[in-house]
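Q: Sending over a structure as structure tokens; questions will come in a sec.
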Amino acid sequence: MSLIEEDEVILAAMAVEPQVDWWDAFVKDNYSNEKCLQYFKCSRKTFTFLVKLLKPHIAPKIGALDSDSPLYLRKGVSVDKQVAVLLYKLTTCVDYVGISKKFKIHKTTIHKILYKSVIAINKYLLHSTISMPKPEEAEIICNDFEQAYKLPQIIGAMTLAHIPISSPINLNYKFLNSKLYPSFVLQTVIDSNFLFRDVSVRHAGATEPQLIIADSNIYKYSHKVMPPEKRNIGGIDISYKIIAPAPGPLYRWLLNSYDEETTKEETRFNNCLEEIRNYADSVISRLRSRFLILSHMMDLSYKVAPQVIAACCIIHNICERNGDTFLDEWLTESADRLKRYPQPDMQEGWEKAEKVVLDERDILKDYVNSLETDEIDATLN
Numbered sequence: 001m002s003l004i005e006e007d008e009v010i011l012a013a014m015a016v017e018p019q020v021d022w023w024d025a026f027v028k029d030n031y032s033n034e035k036c037l038q039y040f041k042c043s044r045k046t047f048t049f050l051v052k053l054l055k056p057h058i059a060p061k062i063g064a065l066d067s068d069s070p071l072y073l074r075k076g077v078s079v080d081k082q083v084a085v086l087l088y089k090l091t092t093c094v095d096y097v098g099i100s101k102k103f104k105i106h107k108t109t110i111h112k113i114l115y116k117s118v119i120a121i122n123k124y125l126l127h128s129t130i131s132m133p134k135p136e137e138a139e140i141i142c143n144d145f146e147q148a149y150k151l152p153q154i155i156g157a158m159t160l161a162h163i164p165i166s167s168p169i170n171l172n173y174k175f176l177n178s179k180l181y182p183s184f185v186l187q188t189v190i191d192s193n194f195l196f197r198d199v200s201v202r203h204a205g206a207t208e209p210q211l212i213i214a215d216s217n218i219y220k221y222s223h224k225v226m227p228p229e230k231r232n233i234g235g236i237d238i239s240y241k242i243i244a245p246a247p248g249p250l251y252r253w254l255l256n257s258y259d260e261e262t263t264k265e266e267t268r269f270n271n272c273l274e275e276i277r278n279y280a281d282s283v284i285s286r287l288r289s290r291f292l293i294l295s296h297m298m299d300l301s302y303k304v305a306p307q308v309i310a311a312c313c314i315i316h317n318i319c320e321r322n323g324d325t326f327l328d329e330w331l332t333e334s335a336d337r338l339k340r341y342p343q344p345d346m347q348e349g350w351e352k353a354e355k356v357v358l359d360e361r362d363i364l365k366d367y368v369n370s371l372e373t374d375e376i377d378a379t380l381n
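Residue numbers (the working numbering): 1 to 381.
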């Protein structure tokens, strides 16, 4: 048989044998863990969890019919496919056209799926997924931080991250931050397990950090959501605290560095806080690497951007609690994209803290340094 005849046989076979669609193969394989990681950067457990939880809120109505176009599904888009569309959009930088081609769904339907799913996640999963720790949890988190960083009574670290978005030109004065790109500010509190414990996405990039923190949930309700347990250190009962961004405020519940280091003890204390901040920044990097939509100019309406950002935080927590695989190569791709969007610096000039707050910080500083002294003595002996 000649080469030409062989090619004709192969082409004839291809014409007879239907090509297997990737989605059909994915469903037939029962959403394999390997494919979930490849397509959506999550585990099968997370994917099926989202399908189950969102089904009552996004399932197509009985008898729903889409367009006669072959790009539409005749009975509405199944819940598992809607979740797949959502995750694919959040974890990649693919636009509507690319998603439409991949899933064989019209762009208009893609748009509806994304908005409906994001709203459902915020409405029905937010409060059960992101919350401040109860006393039992707080004690474990506190011990984790102290074991890792030698600082007691810490249950979280606060971050402010600017997420680039597309804003209308006439509103640029609201959204342009000090690095001159439009953004929304994601304010979070992060615990010792890579989890978000508090999230607020309320302010555009031009907003002053003082206002962002003052308008956050943790600031408004700290007296209700911060666990009340205290620990006696140096003769003073010290309450639980969250590490603040630097430079930044210093409150009874929000701990910050010494502005001007005058002693080696203050330097050592500041270094402890900086290590915790670096850890919190690594969690934000983890979030943006899994959800690449947060690492470049978001191509969705600025009106829905806060809910998209919050949805990423919610799914992040689900992934972390499920122990989903995280690939270091994702960090590289995200970092390359974020080079165009550097983070604005925190501003100086915060209000002076109360004396009792300053005294508590001094107690914690002395505690950290006493541990350092004990370690040196143990080494010498």
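Where a beta carbon is used, it is the ideal one built from N, C-alpha and C, also for glycine. What you are looking at is a predicted structure, and each value in this text was computed from that prediction instead of being measured.
Taking the straight line between their C-alpha atoms, what separation do you get for G156 and K28?
A: As a working mapping, residue 156 is identified with position 156 in the sequence shown. As a working mapping, residue 28 is identified with position 28 in the sequence shown. Each residue's Cα considered, the two are about 42 Å apart.
Q: Starting from F184, follow the beta strand (DSSP E) in both directions and report where the run begins and ends.
A: The count along the sequence shown starts at 1 and reaches residue 184 at position 184. Unbroken beta strand (DSSP E) run through F184: S183 to I190.
Q: Thinking C-beta only, is L338 closer than 7 Å to C312?
A: As a position in the sequence shown, residue 312 is number 312, starting the count at 1. As a position in the sequence shown, residue 338 is number 338, starting the count at 1. Their beta carbons are not under 7 Å apart, which means C312 does not touch L338 by this criterion.
Q: Kindly list the residues whose CB is nearer than 6 Å to the CB of L382, restricted to its own chain and excluding five residues on each side of it in sequence; keep chain order.
A: This structure gives no information on residue 382, because the portion of the chain shown stretches from 1 to 381.
Q: When DSSP builds the beta bridges, which residues end up paired with V199?
A: Within the sequence shown, the letter at position 199 stands for residue 199. Paired residues: T188.
Q: Does the beta-carbon of W22 have 16 or more other beta-carbons within 10 angstroms, so that it is buried, or is it exposed?
A: Residue 22 sits at position 22 when you count from the first residue of the sequence shown. W22 is exposed by the Cβ-count criterion.
Q: Start and end of the alpha helix (DSSP H) containing A138?
A: Walking along the sequence shown from the start, residue 138 turns up at place 138. From DSSP, the alpha helix (DSSP H) with A138 extends over P135 to Y149.
Q: Return the chain-ordered list of same chain residues with a C-beta closer than 6 Å to the C-beta of I213, the five sequence neighbours on each side being excluded.
A: Position 213 of the sequence shown, counted from the first residue, corresponds to residue 213. For I213, where only same-chain residues beyond five positions count, the Cβ hits under 6 Å are Y219.
Q: My output table needs one value for S239: the three-state DSSP class, helix, strand or coil.
A: Position 239 of the sequence shown, counted from the start, is the residue given in the question as residue 239. In the structure shown, S239 sits in a strand (DSSP, three-state: E or B).
Q: Taking DSSP as the reference, what is the three-state secondary structure of H296?
A: Your numbering for residue 296 matches position 296 in the sequence shown. It is coil, neither helix nor strand.
Q: Give the range of the beta strand (DSSP E) segment to which L231 is assigned.
A: Position 231 of the sequence shown holds residue 231. Just to set this straight, residue 231 is Arg in the shown sequence, not Leu. Per DSSP, R231 belongs to the beta strand (DSSP E) from K230 to I233.
Q: Compute the Euclidean distance between the alpha carbons of V199 and S100, then round it to the nearest angstrom.
A: Walking along the sequence shown from the start, residue 199 turns up at place 199. Walking along the sequence shown from the start, residue 100 turns up at place 100. If you take the alpha carbons of V199 and S100, they lie about 31 Å apart.
Q: What does the Cβ neighbour count give for R286, buried or exposed, with the cut at 16 atoms within 10 Å?
A: Locating residue 286 in the sequence shown gives position 286, where the first residue counts as 1. Buried, because 16 or more other Cβ atoms sit within 10 Å of the Cβ of R286.
Q: Give the secondary structure of P249 by DSSP, where H, G and I count as helix, E and B as strand, and everything else as coil.
A: Working through the sequence shown from its first residue, we reach residue 249 at position 249. Residue state, collapsed to three classes: coil.
Q: Less than 7 Å between the beta carbons of L114 and K89, yes or no?
A: On the sequence shown, residue 114 is found 114 positions in, with the first residue counted as 1. On the sequence shown, residue 89 is found 89 positions in, with the first residue counted as 1. It is a contact, given that the beta carbons lie within the stated cut-off.
Q: In the DSSP assignment, find the alpha helix (DSSP H) that holds L50 and state where it starts and stops.
A: Taking the sequence shown and counting its residues from 1, the one referred to as residue 50 is at position 50. It spans R44 to I58 - the alpha helix (DSSP H) in which L50 sits, taken as one unbroken run.
Q: For a quick check, are the C-beta atoms of P344 and V201 less than 7 Å apart?
A: Sequence index remark: in the sequence shown, residue 344 carries index 344 (1-based). Sequence index remark: in the sequence shown, residue 201 carries index 201 (1-based). No; because the gap between Cβ atoms is not below 7 Å, this pair is not in contact.
Q: For I156, which residues does DSSP report across the bridge?
A: Along the sequence shown, one-based indexing puts residue 156 at 156. Note that residue 156 is Gly in the sequence shown, not Ile. Paired residues: I242.
Q: Using C-beta distances below 6 Å, list every residue in its chain close to Y341, excluding the 5 sequence neighbours before and after it, in chain order.
A: For the purposes of this step, residue 341 is identified with residue 341 of the sequence shown, where counting begins at 1. Excluding residues within five positions, the ones whose Cβ falls inside 6 Å are P164 and Y181.
Q: Quick check: the stretch 253-260 against the stretch 128-142, are at least 3 beta-carbon pairs closer than 8 Å?
A: Because the criterion of three Cβ pairs below 8 Å is not met, the stretch 128-142 and the stretch 253-260 do not touch.
Q: Please check the pair I318 and A161, which I expect to be a contact at CB under 8 Å, by giving their CB distance rounded to whole angstroms.
A: To locate residue 318, count along the sequence shown from 1; it is residue 318. To locate residue 161, count along the sequence shown from 1; it is residue 161. Not quite, the Cβ-Cβ distance comes to about 20 Å (not below 8 Å), so this is no contact.
Q: Label D359 either buried or exposed according to how many other C-beta atoms from any shown protein chain fall within 10 Å of its C-beta, with 16 as the threshold for buried.
A: As a working mapping, residue 359 is identified with position 359 in the sequence shown. Exposed is the call here.
Q: For K241 versus Q153, is the C-beta spacing smaller than 7 Å?
A: Working through the sequence shown from its first residue, we reach residue 241 at position 241. Working through the sequence shown from its first residue, we reach residue 153 at position 153. In contact: K241 and Q153 (Cβ atoms closer than 7 Å).
Q: Looking only at C-alpha atoms, which of I236, P245 and L54 sits nearest to E348?
A: As a first step, residue 348 must be located in the sequence shown, where it is residue number 348. Ranking the options by Cα distance to E348, first place goes to P245.
Q: Please identify the residue among S192, P209, N322 and C42 whose C-alpha is closest to the C-alpha of A280.
A: The count along the sequence shown starts at 1 and reaches residue 280 at position 280. For the residues S192, P209, N322 and C42, the minimum Cα distance to A280 belongs to S192.
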